[in-house]
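Working notes, beginning with the structure itself.
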Amino acid sequence: MTTGTNTALVNAVLSGVADARQTYATWTRDGGYFAWAPEYLLTVSVAQSIWEWCAPLTVWPEFRLADALREACPGNQRRPARTATGRRADLLVYRGTPQPHAIVEIKRNVDGWGKIAADVERLRTTLAAPGASFQLGMVAFSSTLIGGNRAKGGAILQDRLARLADCVDHIRLPGWHCRLTTRAIHFDGHEHWSAAAVVLEKSTARPSRRGCDPACTGSPAQVLSAS
1 MTTGTNTALV NAVLSGVADA RQTYATWTRD GGYFAWAPEY LLTVSVAQSI
51 WEWCAPLTVW PEFRLADALR EACPGNQRRP ARTATGRRAD LLVYRGTPQP
101 HAIVEIKRNV DGWGKIAADV ERLRTTLAAP GASFQLGMVA FSSTLIGGNR
151 AKGGAILQDR LARLADCVDH IRLPGWHCRL TTRAIHFDGH EHWSAAAVVL
201 EKSTARPSRR GCDPACTGSP AQVLSAS
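Using full-length UniProt numbering, the first residue of the sequence shown is number 1, and each one after it goes up by one.
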C-alpha cells in the first residue's frame with residue numbers, strides 16, 4: 001500500500017484504467033476489445049485502485065460538482081459557476097480533511113483531443129475557483145486501436161498520444177503544472193491499447209507563454225486506423 005501523495009494517486013489512476021482492461025478481457029474470455037468496454041467499468045476500476053493503493057484517501061463516485069465546489073471553497077459564498085450546475089465529478093478524492101483534494105474524470109477510447117477538450121476545460125475551470133482546496137485534477141482515459149500489426153499499430157497509437165501531449169502543453173492555468181502521463185502501449189494480437197491521463201497538479205512553477213495550437217481548441221476527434 002502506498003501513501004496518498006499526488007504521484008501515488010496518478011499511478012493508481014493509470015493502474016485502474018489498465019485493470020479495467022484485464023477485467024473486461026476476463027469477463028469476455030478475451031472475446032471483447034477494450035475499445036468496447038463501458039466507461040462505468042473504468043470508473044469503478046479506478047476508484048477501487050485509489051482506495052486500495054492510496055490510503056488514507058477516500059473516494060466518492062458521482063459527486064455533485066456544485067457540492068464539491070462548496071466544500072472546496074468554504075469561504076466563498078458565491079454560487080457555483082454554470083459549468084458546475086447539474087454536473088457530477090466522476091470521482092472526488094479526499095485526503096484526511098473536510099475539503100476535497102482531487103477530481104478525477106474518466107473517459108473511454110479517446111482517439112483525439114476533441115473527445116476530451118470539454119472535460120479538460122471544465123476541469124480547468126473548476127480547479128481555478130478562488131480559494132479552492134484542490135491540489136490535483138485528472139482526465140484519465142483509455143486509448144485503443146483495433147487491427148494492424150504490432151509495429152504499425154503501435155506507431156500510430158504513439159503518434160496519437162504525442163499529439164495529445166502537445167495539446168496539453170497549451171493548457172493555461174497559472175500556478176498549475178499540466179502534463180500528459182501515459183503507460184506503455186500494449187498489443188494483445190488484435191488491439192493496441194494504453195492508459196493515459198491529462199494531469200493538472202498545483203505548483204509554483206511559472207506558466208509557459210506558448211501560443212495556442214488551433215488543433216487543440218476543441219476540434220473533432222481524429223479517428224485513426226491501422227489498416
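Just so it is clear, CB atoms sit at the ideal spot from N, CA and C, and this is done for glycine as well.
Identify the residues that DSSP records as bridge partners of residue i: which are they?
i           : result
residue 107 : 141
residue 150 : DSSP lists no partner for residue 150.
residue 201 : 136 and 177
residue 58  : 94
residue 186 : 193
residue 100 : 94
residue 34  : In the DSSP output, where bridge partners are listed per residue, residue 34 has none listed.
residue 89  : 63
Taking C-alpha atoms, which residue in the options lies nearest to residue i?
i           : options               : result
residue 102 : 113, 147, 140 and 112 : 140
residue 194 : 144, 159, 117 and 166 : 144
residue 122 : 89, 174 and 192       : 89
residue 4   : 203, 136 and 127      : 136
residue 184 : 155, 124 and 54       : 155
residue 37  : 17, 129 and 49        : 17
residue 128 : 72, 182, 158 and 24   : 72
residue 149 : 54, 190, 67 and 23    : 190
residue 95  : 112, 177, 54 and 130  : 54
residue 112 : 52, 171, 177 and 142  : 142
Can you grab the Cα-Cα spacing for the pair residue i / residue j, in whole Å?
i           : j           : result
residue 147 : residue 114 : 22 Å
residue 100 : residue 163 : 31 Å
residue 15  : residue 134 : 22 Å
residue 93  : residue 39  : 19 Å
residue 192 : residue 43  : 21 Å
residue 132 : residue 11  : 24 Å
residue 30  : residue 188 : 10 Å
residue 13  : residue 196 : 9 Å
residue 27  : residue 35  : 14 Å
residue 6   : residue 97  : 15 Å
residue 49  : residue 56  : 13 Å
residue 32  : residue 25  : 6 Å
residue 205 : residue 158 : The predicted position of residue 205 is uncertain, since its pLDDT is 41 and thus under 50; a value taken from the coordinates is nonetheless stated next. Using only the alpha carbons, I get a separation of about 28 Å.
residue 166 : residue 67  : 33 Å
residue 47  : residue 23  : 14 Å
residue 171 : residue 41  : 28 Å
Just checking my contact of residue i with residue j at CB under 8 Å: how many whole Å lie between their CB atoms?
i           : j           : result
residue 199 : residue 138 : 5 Å
residue 173 : residue 126 : So it is not a contact: roughly 11 Å between Cβ atoms.
residue 175 : residue 152 : That belief does not hold up - the Cβ atoms of residue 175 and residue 152 are roughly 41 Å apart, past 8 Å.
residue 20  : residue 45  : 4 Å
residue 161 : residue 181 : About 10 Å separates the two Cβ atoms, so there is no contact after all.
Enumerate in chain order the residues of its own chain whose CB-to-CB distance from residue i is below 7 Å, with the five nearest sequence positions on each side excluded.
i           : result
residue 87  : 65
residue 179 : 168 and 199
residue 104 : 13, 46, 90, 91, 93, 138 and 140
Any heavy atom of the ligand NAD inside 8 Å of the beta-carbon of residue i?
i          : result
residue 66 : This structure does not include the ligand NAD; it has no bound ligands of any sort.
Please return the same chain residues whose Cβ sits closer than 6 Å to the Cβ of residue i, not counting the five positions on each side in sequence.
i           : result
residue 116 : 107, 110 and 139
residue 120 : 139 and 198
residue 74  : none
residue 124 : 173
residue 186 : 193
Once the 5 residues before and after residue i are set aside, which same chain residues still bring their CB inside 8 Å of it?
i          : result
residue 62 : 88, 89 and 90
residue 51 : 57, 58 and 59
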